[in-house]
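Asker: Residue numbers (this note's numbering): 1 to 520.
Just so you know, even glycine gets a beta-carbon here, dropped at the ideal spot from N, CA and C.
For clarity, every value in this text was computed on a predicted model and none was experimentally measured.
Following this message is one structure expressed as structure tokens.
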């Protein structure tokens with residue numbers, strides 16, 4: 001049995017520390033790829049599931065390949081770290097470039113491919129470190145246990161670092177460069193500690209320093225270049241770009257047309273947003289017997305509030321928007337202030353930065369008007385806000401003489417989605433009517449009007465406030481649906497489509513939504 005001398009102790013400790021640090025880097029790359037996929041490709045659960053599965057599969061392949069590495073363990077580990085550092089560090093930078101310049105679908109292939117490669121390289125690391133610790137003189141049982149402990153503990157730290165520090169502070173591109181730098185730094189550190197047993201030490205050192213400098217420059221200039229790639233994804237120049245704890249906020253502007261995007265999805269265009277917001281707000285307010293207390297879910301841009309303040313009888317508005325950064329932007333950005341007319345300055349509004357589902361679960365307030373201005377159900381977090389359970393909470397908070405309006409995506413582009421949302425609202429027992437309006441920047445867009453008691457308010461509704469688009473005649477036209485998008489829809493085979501409610505247990509809307517919008 002080998003005696004573990006003082007040098008061996010230092011080297012074995014180096015191995016344990018190295019295994020913990022590279023494990024932190026590995027888990028960060030794993031979740032970073034999922035986050036990048038969610039942002040560019042949509043459907044967060046799908047992207048995280050695929051990237052985590054591919055990463056773990058890659059680790060398994062890498063662990064299997066490691067059996068063939070029997071000599072030159074430390075040089076092998078060093079070059080594996082160099083490879084992870086340079087490939088992982090450049091990953092999101094190149095991902096944005098592929099998305100911007102190459103054909104649709106290439107970005108997904110690139111992301112999944114690079115996930116598998118980095119996962120494979122990560123899987124090579126630990127067996128090599130365990131084998132080296134054993135060679136130094138640590139028993140196999142102890143070397144395996146200690147390296148695996150460092151690995152698992154590092155995984156927890158990596159996940160927390162990404163969620164609470166790297167992503168919100170540095171974004172996806174810069175975070176990848178920083179983590180890649182750490183991998184290369186670990187390799188250089190291990191190279192130094194084992195320098196006496198490494199041949200061609202100078203070559204390893206110069207290569208590592210070169211990789212380090214490439215990644216170091218990426219930390220400072222990579223994000224700016226990636227921004228130019230991202231600009232290609234948008235029609236107009238980007239004037240504001242922020243990655244918050246919840247989403248990517250982007251404002252673009254060209255010839256006076258200001259557009260707001262959240263996670264790449266268009267939320268409004270200043271040229272025609274009034275058509276959307278007037279339809280969303282005024283029928284519900286006019287239908288309410290006494291529209292004194294209003295609930296707005298979403299609407300952080302302040303445009304719903306702008307329309308609500310046209311009614312003097314409104315005394316109190318609760319606005320629930322999860323992301324404080326959206327509201328702050330609406331309160332401070334010149335272009336948005338011009339649009340929302342400083343609507344957040346009105347003392348009648350109280351802003352709640354809270355998840356809408358949680359807010360409704362805790363609420364014991366009844367509202368005369370409820371306006372649901374939430375993004376489309378393109379991920380699990382948003383899907384729960386289109387479920388039967390959520391609409392039941394809204395129904396329970398709606399005054400008997402009140403009215404509710406829900407934005408419900410496009411009945412033209414996503415017909416099954418629209419009527420599934422309609423069916424889900426109907427399942428609560430609310431009385432429902434349907435409207436859709438042409439918004440040029442979006443296309444044909446759908447809304448669902450609902451009441452606790454059927455009043456026929458839309459039949460002879462008049463508008464007593466100033467509008468740019470909506471009037472009595474226009475409202476009636478919005479209630480008519482063409483035969484190809486009406487409620488009696490058929491599937492691809494011509495069979496009548498059977499509507500089912502969207503629920504928390506059975507979120508049928510997610511797959512339906514992805515399929516509907518795949519070609520748009």
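Tell me which same chain residues have a C-beta within less than 6 Å of the C-beta of residue 103, skipping the five on either side of it?
Answerer: Taking the chain shown and counting its residues from 1, the one referred to as residue 103 is at position 103. No residues qualify anywhere along the chain.
Asker: Whole angstroms is fine: what's the gap from residue 352's alpha carbon to residue 13's?
Answerer: As a position in the chain shown, residue 352 is number 352, starting the count at 1. As a position in the chain shown, residue 13 is number 13, starting the count at 1. For residue 352 and residue 13, the distance between alpha carbons rounds to 50 Å.
Asker: Cα separation between residue 374 and residue 203?
Answerer: Here residue 374 refers to the residue found at position 374 when the chain shown is read from its first residue. Here residue 203 refers to the residue found at position 203 when the chain shown is read from its first residue. So the alpha carbons of these two residues sit roughly 56 Å apart.
Asker: The beta strand (DSSP E) with residue 401 in it runs from where to where?
Answerer: Within the chain shown, numbered from 1, the residue matching residue 401 stands at position 401. Run containing residue 401: 398–407, per the beta strand (DSSP E) assignment.
Asker: May I ask which residues mark the beginning and end of the alpha helix (DSSP H) holding residue 192?
Answerer: Along the chain shown, one-based indexing puts residue 192 at 192. That run of the alpha helix (DSSP H) goes 167–193.
Asker: Can you tell me the Cα-Cα spacing of residue 447 and residue 255, whole angstroms?
Answerer: Within the chain shown, numbered from 1, the residue matching residue 447 stands at position 447. Within the chain shown, numbered from 1, the residue matching residue 255 stands at position 255. Roughly 30 Å between the two C-alpha positions.
Asker: Label residue 165 either buried or exposed according to how many other C-beta atoms from any shown protein chain fall within 10 Å of its C-beta, with 16 as the threshold for buried.
Answerer: Stepping through the chain shown from its first residue, residue 165 is reached at position 165. Exposed, since its Cβ has fewer than 16 Cβ neighbours within 10 Å.
Asker: Alpha carbon to alpha carbon, how far is residue 262 from residue 250?
Answerer: Translated into positions along the chain shown, residue 262 becomes position 262. Translated into positions along the chain shown, residue 250 becomes position 250. Taking the straight line from one Cα to the other gives about 7 Å.
Asker: Are the CB atoms of residue 94 and residue 58 within a distance shorter than 7 Å?
Answerer: Counted from its first residue, the chain shown places residue 58 at position 58. Counted from its first residue, the chain shown places residue 94 at position 94. In this structure, residue 94 does not lie closer than 7 Å to residue 58 by Cβ.
Asker: Could you give the DSSP three-state label for residue 461: helix, strand or coil?
Answerer: If you number the chain shown from 1, residue 461 lands on position 461. Three-state DSSP puts residue 461 in coil, outside helix and strand.
Asker: Could you pull the DSSP bridge partners for residue 247 from this structure?
Answerer: On the chain shown, position 247 is the one that residue 247 refers to. Paired residue(s): none; residue 247 is not in a bridge.
Asker: If I follow the unbroken beta strand (DSSP E) through residue 449, where does it start and stop?
Answerer: Reading the chain shown from its first residue, position 449 is the one you call residue 449. Taken as a continuous stretch (DSSP letters only), the beta strand (DSSP E) holding residue 449 covers 443–451.
Asker: Within 10 angstroms of its Cβ, does residue 518 collect 16 or more other Cβ (buried), or is it exposed?
Answerer: Within the chain shown, the letter at position 518 stands for residue 518. Exposed, since its Cβ has fewer than 16 Cβ neighbours within 10 Å.
Asker: Report the start-end ranges of each beta strand (DSSP E) in the stretch 239–283 that is 3 residues or longer and not cut off at the edges.
Answerer: 248–254, 257–262 and 265–269
Asker: Which of the three DSSP states is assigned to residue 353 in this structure?
Answerer: The count along the chain shown starts at 1 and reaches residue 353 at position 353. Under the three-state reduction of DSSP, residue 353 is assigned to coil, being neither helix nor strand.
Asker: In the stretch 195–242, which residue ranges form an unbroken alpha helix (DSSP H) of at least 4 residues, counting only runs that do not cross its ends?
Answerer: Fully contained in the stretch 195–242 are the following alpha helix (DSSP H) runs of length 4 or more, in chain order: 201–231.
Asker: Determine the extent of the beta strand (DSSP E) in which residue 435 is found, giving its start and end residues.
Answerer: Mapped onto the chain shown, residue 435 falls at position 435. Note, residue 435: beta strand (DSSP E), 431–439.
Asker: Alpha carbon to alpha carbon, what distance is there between residue 113 and residue 163?
Answerer: As a first step, residue 163 must be located in the chain shown, where it is residue number 163. As a first step, residue 113 must be located in the chain shown, where it is residue number 113. Their Cα atoms are separated by approximately 24 Å.
Asker: State the Cα-Cα distance for the pair residue 361 and residue 310, rounded to the nearest angstrom.
Answerer: Position 361 of the chain shown, counting from 1, holds the residue named residue 361. Position 310 of the chain shown, counting from 1, holds the residue named residue 310. Take the alpha-carbon of residue 361 and the one of residue 310: they are about 30 Å apart.
Asker: Determine the closest residue to residue 238 out of 429, 207 and 224, with distance taken between C-alpha atoms.
Answerer: Your numbering for residue 238 matches position 238 in the chain shown. Of the listed residues, the one whose Cα sits closest to residue 238 is 224.
Asker: Determine which residues share a DSSP beta bridge with residue 514 and list them.
Answerer: Along the chain shown, read from residue 1 onward, the residue named residue 514 stands at position 514. The partner list for residue 514 (beta bridge, DSSP) is empty, contrary to what the question assumes.
Asker: Taking 7 Å as the CB-CB limit, is residue 182 close to chain B?
Answerer: The question asks about chain B, but that chain is absent: this structure has only one protein chain.
Asker: Taking C-beta to C-beta, are residue 184 and residue 216 nearer than 7 Å?
Answerer: By 1-based counting over the chain shown, the position of residue 184 is 184. By 1-based counting over the chain shown, the position of residue 216 is 216. No, Cβ-Cβ distance for residue 184 and residue 216 is not below 7 Å.
Asker: Report the rounded CA-to-CA distance for residue 296 versus residue 473, giving the unit in angstroms.
Answerer: The count along the chain shown starts at 1 and reaches residue 296 at position 296. The count along the chain shown starts at 1 and reaches residue 473 at position 473. Answer to the nearest angstrom: the Cα atoms are 26 Å apart.
Asker: Mark residue 544 as exposed unless 16 or more other C-beta atoms lie within 10 angstroms of its C-beta, in which case mark it buried.
Answerer: The requested residue 544 is not part of the displayed model; the chain covers only 1 to 520.
Asker: Would you mind reading off the limits of the alpha helix (DSSP H) that contains residue 326?
Answerer: Walking along the chain shown from the start, residue 326 turns up at place 326. Start and end: 324–332.
Asker: Tell me whether residue 395 sits in a helix, a strand or coil according to DSSP, three-state version.
Answerer: Translated into positions along the chain shown, residue 395 becomes position 395. If DSSP states are grouped into helix, strand and coil, residue 395 belongs with the helices.
Asker: Which whole-angstrom value describes the C-beta separation of residue 107 and residue 98, a residue pair presumed to lie in contact below a C-beta threshold of 8 Å?
Answerer: Within the chain shown, the letter at position 107 stands for residue 107. Within the chain shown, the letter at position 98 stands for residue 98. Indeed they touch by this definition, with Cβ atoms about 5 Å apart.
Asker: Restricting to Cα atoms, I'd like to know which of 283, 355, 125 and 336 is closest to residue 462.
Answerer: Residue numbering aside, residue 462 sits at position 462 when the chain shown is read from its first letter. Closest option to residue 462, Cα to Cα, is 283.
Asker: With a 10 Å radius around its C-beta and 16 neighbouring C-beta atoms as the bar for buried, classify residue 196 as buried or exposed.
Answerer: The residue you call residue 196 lines up with position 196 of the chain shown. It counts as exposed.
Asker: What's the C-alpha gap between residue 109 and residue 176?
Answerer: By 1-based counting over the chain shown, the position of residue 109 is 109. By 1-based counting over the chain shown, the position of residue 176 is 176. Approximately 19 Å between the Cα atoms of the pair.
Asker: Does the stretch 186–201 come close enough to the stretch 59–68 that 3 or more CB-CB pairs lie under 8 Å?
Answerer: no
Asker: For the stretch 41–53 against the stretch 80–91, do three or more pairs of beta-carbon atoms, one drawn from each stretch, fall closer than 8 Å, so that the two count as touching?
Answerer: no
Asker: How long is the line joining the alpha carbons of residue 510 and residue 385, rounded to whole angstroms?
Answerer: The count along the chain shown starts at 1 and reaches residue 510 at position 510. The count along the chain shown starts at 1 and reaches residue 385 at position 385. Each residue's Cα considered, the two are about 12 Å apart.
Asker: With a Cβ-Cβ cutoff of 7 Å, do residue 285 and residue 369 count as a contact?
Answerer: The residue you call residue 285 lines up with position 285 of the chain shown. The residue you call residue 369 lines up with position 369 of the chain shown. In this structure, residue 369 lies closer than 7 Å to residue 285 by Cβ.
Asker: Report buried or exposed for residue 78, applying the criterion of at least 16 other Cβ atoms within 10 angstroms of its Cβ.
Answerer: For the purposes of this step, residue 78 is taken as the residue at position 78 of the chain shown. With 16 or more other Cβ atoms within 10 Å, it is buried.
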